Amino acid sequence: MRTSFPAFLFGLLLPCFLSAQSVPRIFCGNELFSEMVATQYPEWAQSIETTFEQAKLTQAGPRTTLTIPAVVHVVWNQPEENLSDELIEAQIQVLNEDFNRMNSDTGNLRSMFEWVAGSADIEFELVTILRRETTTMFEVDILSGNIIPEVKHTDDGGSDAFFTGNFLNIWVCNIQPLKVGPIVIGQILGFAFPPADLDNWPPGSNAPNADEDGVVIDYRVFGPDNPTPVEIPGGSGNLVVKGRTPTHEVAHYLGLRHIWGDGGTFGPNDCMQSDGVDDTPYADSESAFDCDITKNTCTGIDEFYGLDMPDLIENFMDYASEDCMNMFTKGQVEIMRNVLMGPRSGLLESTSIDSETTEAQTWNVSPNPASTFARITFQTPLVESSFFRLLDQYGRQVTSFIVGAGQHATDLDLTSIPGGMYVLVSEGDGLIQTSRIVVHN
Ligand SMILES: [Zn+2]
1 MRTSFPAFLF GLLLPCFLSA QSVPRIFCGN ELFSEMVATQ YPEWAQSIET TFEQAKLTQA
61 GPRTTLTIPA VVHVVWNQPE ENLSDELIEA QIQVLNEDFN RMNSDTGNLR SMFEWVAGSA
121 DIEFELVTIL RRETTTMFEV DILSGNIIPE VKHTDDGGSD AFFTGNFLNI WVCNIQPLKV
181 GPIVIGQILG FAFPPADLDN WPPGSNAPNA DEDGVVIDYR VFGPDNPTPV EIPGGSGNLV
241 VKGRTPTHEV AHYLGLRHIW GDGGTFGPND CMQSDGVDDT PYADSESAFD CDITKNTCTG
301 IDEFYGLDMP DLIENFMDYA SEDCMNMFTK GQVEIMRNVL MGPRSGLLES TSIDSETTEA
361 QTWNVSPNPA STFARITFQT PLVESSFFRL LDQYGRQVTS FIVGAGQHAT DLDLTSIPGG
421 MYVLVSEGDG LIQTSRIVVH N
């Protein structure tokens with residue numbers, strides 16, 4: 001069933017394409033400004049140091065890297081929409097860099113914000129790419145609130161979700177221009193549903209159905225070197241595309257809101273609208289795909305900094321040009337990690353989704369790559385029978401079989417399986433687990 005969405009959601013999803021500004025590539029370390037602030041407020045350095053120490057205290061304790069398994073659905077009609085494996089892998093690499101502050105442009109962050117920049121210690125692993133050719137046009141209907149659920153359902157010309165509780169599903173498709181009647185009013189680059197029941201999101205903003213949870217990205221802004229340009233309405237050139245739209249949308253999926261607090265969506269569009277994060281300075285509007293380091297929409301003392309801070313245009317959760325954004329804050333990072341260990345912890349549990357299971361059952365496949373057969377070996381004999389499916393790269397089931405209770409191992413016959421990459425999925429015995437298998441035949 002399709003669900004209508006209230007207008008507020010569109011405020012979150014619509015990049016501000018309505019403002020047809022150019023995209024100046026301005027970079028400046030702005031040390032001069034930083035010095036000026038320090039001169040004006042002699043206590044600034046000490047207050048920053050104190051706050052930094054407090055922030056470090058709250059993050060004390062061992063911190064492990066969290067890994068998110070990702071499935072990318074490429075739903076295409078024209079050849080240029082059928083993105084290459086290399087481009088998709090490069091996009092995963094961008095996510096890994098941006099979420100771990102390993103991106104090459106961290107040095108572009110203004111020095112006054114360096115102390116709040118954080119690494120999420122979140123990694124992304126590409127499990128598989130599912131490709132579907134389609135004739136469906138993915139048109140957002142602003143009047144009915146339809147945000148293209150079709151792309152997530154094979155029967156509607158899309159690609160069925162792949163275990164959304166355990167995998168980050170990313171659908172890449174050609175999102176049609178946003179229209180009201182015959183008039184084009186903009187272009188949605190992507191959108192994502194946040195997890196349910198987060199304090200920093202309004203109730204009901206999560207996915208309407210579990211099988212529609214995930215991220216949708218327009219094919220032109222997926223990948224760091226995407227060959228298809230996105231023209232900025234108004235004839236002022238093309239968007240800079242470096243793979244940061246997926247960074248932005250995956251962060252929404254992990255609970256983050258826009259840094260300006262989505263005023264006009266969640267409440268009055270003023271400087272008191274917070275995104276639920278302390279260390280993102282107040283702002284009352286989004287950047288216009290530019291790189292305006294003079295932007296300071298909320299003057300007055302920012303409580304966290306104890307100073308009047310400019311807008312944090314380098315943040316991934318603003319709409320600055322992609323070659324201007326380069327950071328998450330520590331506060332944002334903590335939200336994402338908490339979400340991942342809380343509402344979205346299923347992503348970390350590819351070996352078990354059933355909380356009633358007392359002991360997660362895991363298995364290994366060997367050899368891998370394999371040719372004639374692969375042996376699946378269980379850590380302990382199965383308590384209950386388990387259902388296995390072998391899926392090809394298009395998500396099609398190649399074969400299935402059941403392994404009975406009490407078994408320690410089973411052999412998968414591969415003699416009639418064409419060479420390629422496959423995903424073996426097990427369900428049952430209170431567990432779900434996947435493993436990639438490369439077949440050499
Ligand atoms: Zn957004």
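Using my numbering, you'd call the opening residue of the sequence shown number 1 and step up by one each time.
Built from N, CA and C at the ideal position, the CB exists for glycine as well.
Keep in mind the model is a prediction, meaning the values are calculated, not measured.
- Item | Alpha carbon of valine 240 to alpha carbon of serine 386, nearest angstrom | Cα-Cα distance, rounded: 48 Å.
- Query: Quick check: the segment 88-99 against the segment 154-169, are there 3 or more CB pairs under 8 Å?
  - Reply: Contact between the segment 88-99 and the segment 154-169 is absent, because fewer than three Cβ pairs lie under 8 Å.
- Straight-line gap, aspartate 311 to proline 182 (C-alpha atoms, nearest Å): Distance between the alpha carbons of aspartate 311 and proline 182 is about 36 Å.
- Should histidine 153 be counted as a contact of ligand 1 given a C-beta to heavy atom distance under 7 Å? Checking the Cβ of histidine 153 against ligand 1 gives no.
- Query: Does ligand 1 have a heavy atom nearer than 7 Å to the CB of histidine 252?
  - Reply: Under cutoff, so the answer is yes.
- Task: Output yes or no for whether 8 Å exceeds the beta carbon distance between aspartate 105 and asparagine 326.
- Result: The Cβ atoms of aspartate 105 and asparagine 326 lie closer than 8 Å to each other.
- For aspartate 302, the residue or residues it bridges with in DSSP: Bridge partners of aspartate 302: Leu307.
- Count the other CB atoms, across all protein chains shown, that sit within 10 Å of the CB of tyrosine 253; report buried if there are 16 or more and exposed otherwise. With a threshold of 16 other beta carbon atoms within 10 Å, tyrosine 253 meets it and is buried.
- Query: Does any heavy atom of ligand 1 sit closer than 7 Å to the C-beta of histidine 248?
  - Reply: At least one heavy atom of ligand 1 is found less than 7 Å from the C-beta of histidine 248.
- Nearest-angstrom Cα separation, counted from serine 435 out to asparagine 364: Going from the Cα of asparagine 364 to the Cα of serine 435 covers about 8 Å.
- Message: Below 8 Å on the Cβ atoms is my contact criterion, and I expect glycine 463 with isoleucine 170 to pass it. Report the Cβ-Cβ distance as a whole number of Å.
- Response: Lying before the first or after the last residue shown, residue 463 is absent from the chain, which here runs from 1 to 441.
- Alpha-carbon spacing of aspartate 292 relative to threonine 134, whole angstroms: One alpha carbon belongs to aspartate 292, the other to threonine 134, and they sit about 40 Å apart.
- Item | Candidates Arg396, Leu126, Ser366, Met112, of which the one nearest isoleucine 437 by Cα | Closest in alpha carbon position to isoleucine 437, among Arg396, Leu126, Ser366, Met112, is Ser366.
- With 16 other Cβ atoms within 10 Å as the buried cut-off, status of aspartate 218: For aspartate 218, the number of other beta carbons within 10 angstroms of its own is at least 16, and it is reported as buried.
- Would you kindly work out how many angstroms separate the C-alpha atoms of proline 224 and aspartate 197, rounded to a whole number? Computed Cα separation, rounded: 33 Å.
- Residue from Gln397, Phe373, Gln407, Asn206 with nearest C-alpha to phenylalanine 191: Relative to the Cα of phenylalanine 191, the nearest Cα in the group Gln397, Phe373, Gln407, Asn206 belongs to Asn206.
- Limits of the alpha helix (DSSP H) - the one that aspartate 213 falls within: For aspartate 213, there is no enclosing alpha helix (DSSP H), as DSSP marks it with neither H nor E.
- Message: I'd like the list of long-range same chain contacts for glutamine 176, defined as Cβ closer than 8 Å, with 5 residues on each side in sequence excluded.
- Response: If we look at glutamine 176 and ignore the five residues flanking it on each side, its Cβ neighbours are Met137, Phe138, Glu139, Val140.
- Message: Which residue wins for smallest C-alpha separation from alanine 90, given the options Ser144, Gly243, Ser321?
- Response: Checking every option, the nearest Cα to that of alanine 90 belongs to Gly243.
- Straight-line Cα distance separating asparagine 103 from glycine 165: Each residue's Cα considered, the two are about 28 Å apart.
- Starting from valine 94, follow the alpha helix (DSSP H) in both directions and report where the run begins and ends. Taken as a continuous stretch (DSSP letters only), the alpha helix (DSSP H) holding valine 94 covers 85-98.
- Would you say the beta carbon of histidine 258 comes nearer than 7 Å to a heavy atom of ligand 1? Yes, the Cβ of histidine 258 comes within 7 Å of a heavy atom of ligand 1.
- Task: Would you list, in sequence order, the uninterrupted beta strand (DSSP E) runs of no fewer than 3 residues that lie entirely inside the segment 147-181?
- Result: The segment 147-181 contains these whole beta strand (DSSP E) runs: 168-173, 178-180.
- Task: For my contact list, asparagine 200 and glycine 276 are in at a C-beta cut-off of 8 Å; report their separation, rounded to the angstrom.
- Result: Going by Cβ atoms, the distance from asparagine 200 to glycine 276 rounds to 3 Å, so yes, they are a contact pair.
- Message: Judging by CA-CA distance, which residue of Arg220, Met272, Pro343, Phe304 is the nearest neighbour of glycine 331?
- Response: Ranking the options by Cα distance to glycine 331, first place goes to Phe304.
- Item | Per DSSP, the bridge partner or partners of proline 69 | Under the DSSP definition of a beta bridge, proline 69 partners with Glu125.
- When the Cα atoms are used, what is the spatial distance from tyrosine 422 to leucine 307? Their Cα atoms are separated by approximately 55 Å.
- Query: If you drop the 5 nearest sequence neighbours on each side, which residues of the same chain put their C-beta closer than 6 Å to that of arginine 132?
  - Reply: Excluding residues within five positions, the ones whose Cβ falls inside 6 Å are Val75, Ser159.
- Item | Start and end residues, alpha helix (DSSP H) containing arginine 512 | Because the chain is modelled from 1 through 441, residue 512 falls outside the range shown and cannot be assessed.
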